[in-house]
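Participant: Residue numbers (the working numbering), protein chains in the order written: chain A, -18 to 92; chain B, 305 to 420. C-beta: ideal position from N, C-alpha, C; glycine also. I am attaching a structure below and will ask some questions about it afterwards.
Put into structure tokens, the structure is as follows:
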């Protein structure tokens, strides 16, 4: 089952793009990459997910390398409200869609 | 649409006491999950359910029991609480593998439990 490696913390200037990397070198061919974030101690919030192709939605973009061993979450114009812990997750297990959260990246957006 | 609702929001227990945490979802999701989160750590899966009447162990199941008697509810029980179970508990639900490409987990606001 694939697990992920993320930097412990990152800073980003307000209004600039925030690029959050994630390594998942043991990912299987049918496992999706999901990104969630957790603001303060609230419940995690879904951001985006993908399998092979790059994905974009109203919140962010997800860039997955061709070999699928790493990905990058891009917040195009970071705001102070984007300060949170960001988790990169791959699906664990063959049933139940279990998630392994890890410790994530603590992103601080600086005014 | 309430989504995932957890009750209670806060609770203080004494060592040895028992309690049940309730999770309710109104999205007709097949799968439900219980996680715990300790300070400075990510979420760890306790138990999960892939359908009414079914449960399975996650990463840290010891000291907890669960039941899924109704599709919309998933109960987490502590039979004899210990200080090591002081944590924030999150419940989540997801549609199920039938819609794997969009099997997103939706989380509740959490229950903060202290065991003295």
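At a CB distance below 9 angstroms, what residues from the region 316 to 328 of chain B approach chain A? Give them in sequence order.
Facilitator: none
Participant: From what residue to what residue does the beta strand (DSSP E) around residue 309 of chain B run?
Facilitator: What you label residue 309 of chain B is simply residue 5 of the second chain in a count that begins at 1. Residues 308 to 311.
Participant: Give the secondary structure of residue -13 of chain A by DSSP, where H, G and I count as helix, E and B as strand, and everything else as coil.
Facilitator: Here residue -13 of chain A refers to the residue found at position 6 of the first chain. Coil, per DSSP.
Participant: Give the interface partners of residue 392 of chain B over in chain A, defined as CB-CB distance under 8 angstroms, in chain order.
Facilitator: Position 88 of the second chain, counting from 1, holds the residue named residue 392 of chain B. Chain A residues near residue 392 of chain B: 22.
Participant: By Cβ distance below 6 angstroms, which residues in the same chain neighbour residue 381 of chain B in space, the five residues on each side in sequence not counted?
Facilitator: Position 77 of the second chain, counted from the start, is the residue given in the question as residue 381 of chain B. Hits under 6 angstroms: 324, 369.
Participant: Taking the continuous beta strand (DSSP E) assigned at residue 26 of chain A, which residues delimit it?
Facilitator: Reading the first chain from its first residue, position 45 is the one you call residue 26 of chain A. First-last of the beta strand (DSSP E) with residue 26 of chain A: 26 to 31.
Participant: What are the start and end residues of the beta strand (DSSP E) that includes residue 11 of chain A?
Facilitator: Here residue 11 of chain A corresponds to residue number 30 of the first chain, with the count starting at 1. Taken as a continuous stretch (DSSP letters only), residue 11 of chain A belongs to no beta strand (DSSP E), as it is neither H nor E.
Participant: Residues of chain A with CB under 8 angstroms from residue 408 of chain B, in chain order?
Facilitator: Translated into the one-based positions of the second chain, residue 408 of chain B becomes position 104. The answer, in chain order, is 15, 27, 30.
Participant: Does the region 328 to 343 of chain B touch the region 356 to 375 of chain B, meaning 3 or more C-beta pairs lie closer than 8 angstroms?
Facilitator: The region 356 to 375 of chain B is in contact with the region 328 to 343 of chain B.
Participant: Do the region 50 to 59 of chain A and the region 0 to 9 of chain A touch if we need at least three Cβ pairs shorter than 8 angstroms?
Facilitator: yes
Participant: Please work out which residues of its chain come closer than 6 angstroms, Cβ to Cβ, to residue -15 of chain A, disregarding the five sequence neighbours upstream and downstream, and give them in chain order.
Facilitator: Here residue -15 of chain A refers to the residue found at position 4 of the first chain. Close CB contacts of residue -15 of chain A within its chain, under the 6 angstroms cut and outside five residues either way in sequence, are with 3, 5, 69, 83 (chain order).
Participant: Kindly list, in the order they appear in chain B, the residues whose Cβ is closer than 7 angstroms to that of residue 68 of chain A.
Facilitator: For the purposes of this step, residue 68 of chain A is taken as residue 87 along the first chain, with counting starting at 1. Chain B residues near residue 68 of chain A: 346.
Participant: Could you check how far apart the C-beta atoms of residue 411 of chain B and residue 25 of chain A are, in whole angstroms? I think they sit under 8 angstroms.
Facilitator: Numbered from 1 along the second chain, position 107 holds the residue referred to as residue 411 of chain B. Numbered from 1 along the first chain, position 44 holds the residue referred to as residue 25 of chain A. Correct: roughly 5 angstroms between the Cβ atoms.
Participant: Counting only Cβ pairs nearer than 7 angstroms, list the residues of chain B close to residue 37 of chain A.
Facilitator: What you label residue 37 of chain A is simply residue 56 of the first chain in a count that begins at 1. Correct list: empty, because the minimum Cβ distance to chain B is about 16 angstroms.
Participant: Can you tell me the Cα-Cα spacing of residue -4 of chain A and residue 63 of chain A, whole angstroms?
Facilitator: For the purposes of this step, residue -4 of chain A is taken as residue 15 along the first chain, with counting starting at 1. For the purposes of this step, residue 63 of chain A is taken as residue 82 along the first chain, with counting starting at 1. Spanning the two alpha carbons is a distance of roughly 11 angstroms.
Participant: Keeping to the same chain, check which residues put their C-beta closer than 7 angstroms to that of residue 334 of chain B; ignore five residues upstream and five downstream.
Facilitator: The residue you call residue 334 of chain B lines up with position 30 of the second chain. Contacts found: 354, 355, 399, 400.
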